[in-house]
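Visitor:
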Amino acid sequence: MTGARIDADVPVPAHVAIIMDGNGRWAAARGLERKEGHRAGASNIIKICRACQERGIATLSLFAFSTENWSRPKTEIDALFEIASDYFSGQFTDFPGMGIRLNVIGSRKDLPVALRAMIAKAEKANPRAYSLTLNMAVNYGGKWDIMQSARKLAEKCIAGGMMPSDIDEAALEEGLSTSGQPPVDLLIRTSGEQRISNFLIWQCAYSELYFTAKHWPDFDETELDAALSEYARRTRKFGGLA
532 MTGARIDADV PVPAHVAIIM DGNGRWAAAR GLERKEGHRA GASNIIKICR
582 ACQERGIATL SLFAFSTENW SRPKTEIDAL FEIASDYFSG QFTDFPGMGI
632 RLNVIGSRKD LPVALRAMIA KAEKANPRAY SLTLNMAVNY GGKWDIMQSA
682 RKLAEKCIAG GMMPSDIDEA ALEEGLSTSG QPPVDLLIRT SGEQRISNFL
732 IWQCAYSELY FTAKHWPDFD ETELDAALSE YARRTRKFGG LA
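Just so you know, we're using our numbering here: the sequence shown kicks off at 532 and counts up by one.
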């Protein structure tokens with residue numbers, strides 16, 4: 532699906548999340564190794580960040596590596612971390628000058644030590660003034676996110692800081708990796724699959740879903756505008772009546 536750039540008066544989602552799927556299929560269609568597909572996908576991130584900034588989107592969440600991706604072949608996992616390291620030490624260092632605040636979400640304890648250090652350095656360089664918050668999900672799962680927030684609440688109750696009866700949605704949301712951010716308004720998945728795959732499952736409770744057959748390396752401004760135009764045509768009910 533393609534679409535023209537959206538008009539200025541069209542409602543724009545505050546928070547867009549994208550499941551960046553199809554790197555491997557993109558590579559296979561070109562007779563390339565899967566690693567090259569992942570590298571092409573990584574190079575598309577900054578382009579889409581810029582496009583989101585130009586359209587007034589305040590928060591962008593990208594699913595880079597899930598807690599379930601550890602089941603892939605070790606060679607592919609190693610290649611993914613190699614590419615991630617290249618970008619965190621390379622192009623992603625441009626984020627502060629672009630007005631992008633980087634927030635890497637997910638469990639870091641199983642990531643390579645060098646990559647963890649690069650992530651910490653990149654986040655430390657975040658600008659004070661920014662127009663886009665980029666949540667990069669690395670070793671992330673929606674169930675993990677809820678679980679780690681619940682553990683924080685349990686520890687607080689044990690320490691006497693709160694009563695179990697004090698726990699509500701706001702308390703749980705405060706412990707999520709996206710604390711303080713708006714919920715996801717629009718979830719986009721590339722490459723034709725139609726599922727959310729354990730990505731931001733709490734934050735996507737009332738998000739609009741948009742699926743495109745385009746593989747992630749081919750997802751461009753035109754595709755983004757098509758998703759935003761479709762979002763603008765929908766009536767959000769949040770469990771109520773239209």
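Glycine included, every Cβ here is placed at the ideal spot set by N, Cα and C.
Counting C-beta neighbours from all protein chains within 10 Å, is the total for Tyr671 16 or more, i.e. buried, or is it exposed?
Guide: Taking the first residue of the sequence shown as 1, we reach residue 671 at position 140. Buried is the call here.
Visitor: What is the rounded straight-line gap between the Cα of Met678 and the Cα of Ile550?
Guide: Position 147 of the sequence shown, counting from 1, holds the residue named residue 678. Position 19 of the sequence shown, counting from 1, holds the residue named residue 550. Straight-line Cα distance between these residues: approximately 21 Å.
Visitor: Can you tell me which of Gly706, Pro695, Asp699, Phe742 puts its alpha carbon nearest to the alpha carbon of Leu718?
Guide: As a first step, residue 718 is located in the sequence shown; it is residue number 187 there, counting from the start. Among Gly706, Pro695, Asp699, Phe742, the Cα nearest to that of Leu718 belongs to Phe742.
Visitor: Ignore the nearest five residues each way along the sequence and tell me which others in Cys688's own chain have a CB closer than 6 Å to its CB.
Guide: Indexing the sequence shown from 1 puts residue 688 at position 157. For Cys688, where only same-chain residues beyond five positions count, the Cβ hits under 6 Å are Pro695.
Visitor: In three-state DSSP terms, what is Pro658?
Guide: For this step, residue 658 is matched to residue 127 along the sequence shown. Coil at Pro658, not helix or strand.
Visitor: Can you grab the Cα-Cα spacing for the pair Asn729 / Gly691, in whole Å?
Guide: The residue given as residue 729 occupies position 198 in the sequence shown. The residue given as residue 691 occupies position 160 in the sequence shown. The straight-line gap from Cα to Cα measures roughly 32 Å.
Visitor: Please list the terminal residues of the continuous beta strand (DSSP E) segment that includes Glu739.
Guide: On the sequence shown, residue 739 is found 208 positions in, with the first residue counted as 1. Taken as a continuous stretch (DSSP letters only), the beta strand (DSSP E) holding Glu739 covers 739-742.
Visitor: On the DSSP bridge list, what partners appear for Asn666?
Guide: One-based indexing of the sequence shown puts residue 666 at position 135. According to DSSP, Asn666 bridges with Ser592, Asn634.
Visitor: Rank Pro713, Ala656, Ala757, Asp609 by C-alpha distance to the C-alpha of Asp641 and give the top, closest one.
Guide: As a working mapping, residue 641 is identified with position 110 in the sequence shown. If we check each option's Cα against that of Asp641, Asp609 comes out closest.
Visitor: Would you tell me roughly how many angstroms separate the C-alpha atoms of Glu761 and Ser620, rounded to the nearest one?
Guide: Walking along the sequence shown from the start, residue 761 turns up at place 230. Walking along the sequence shown from the start, residue 620 turns up at place 89. Taking the straight line from one Cα to the other gives about 36 Å.
Visitor: Arg765 lies in the alpha helix (DSSP H); which residues open and close that run?
Guide: On the sequence shown, position 234 is the one that residue 765 refers to. Arg765 -> no alpha helix (DSSP H), and no H or E assigned at all.
Visitor: In the DSSP output, which residue or residues are listed as bridge partners for Ser597?
Guide: The residue you call residue 597 lines up with position 66 of the sequence shown. The partner list for Ser597 (beta bridge, DSSP) reads Tyr671.
Visitor: What are the residues that DSSP puts in a beta bridge with Leu646?
Guide: Residue mapping note: residue 646 aligns to position 115 of the sequence shown, counting from 1. Leu646 is not bridged to any residue.
Visitor: Per DSSP, His546 forms a beta bridge with which residues?
Guide: Here the question's residue 546 lines up with position 15 in the sequence shown. According to DSSP, which records beta bridges pairwise, His546 is partnered with Thr590.
Visitor: Which word fits Val644, buried or exposed, when buried means at least 16 other C-beta atoms lie within 10 angstroms of its C-beta?
Guide: Position 113 of the sequence shown, counting from 1, holds the residue named residue 644. Answer is exposed; the Cβ neighbour count stays below 16.
Visitor: For the putative contact between Ala615 and Leu731, defined by C-beta atoms under 8 Å, what is the C-beta separation to the nearest angstrom?
Guide: Position 84 of the sequence shown, counting from 1, holds the residue named residue 615. Position 200 of the sequence shown, counting from 1, holds the residue named residue 731. With a Cβ gap of about 19 Å, Ala615 and Leu731 do not count as contacting.
Visitor: So, for Asn657: in the same chain, excluding its five sequence neighbours on each side, which residues have a beta-carbon less than 7 Å away from its beta-carbon?
Guide: One-based indexing of the sequence shown puts residue 657 at position 126. Closer than 7 Å at the Cβ level, and outside the excluded window around Asn657, lie Pro627, Arg632, Leu633.
Visitor: Rounded to the nearest angstrom, what separates Phe769 and Ser592 at their Cα positions?
Guide: Locating residue 769 in the sequence shown gives position 238, counting from the first residue. Locating residue 592 in the sequence shown gives position 61, counting from the first residue. So the two alpha carbons sit approximately 21 Å from each other.
Visitor: Checking 7 Å against the spacing of the C-beta atoms, do Phe594 and Ala653 come in under that value?
Guide: For the purposes of this step, residue 594 is taken as residue 63 along the sequence shown, with counting starting at 1. For the purposes of this step, residue 653 is taken as residue 122 along the sequence shown, with counting starting at 1. No, these two residues do not count as a Cβ contact at 7 Å.
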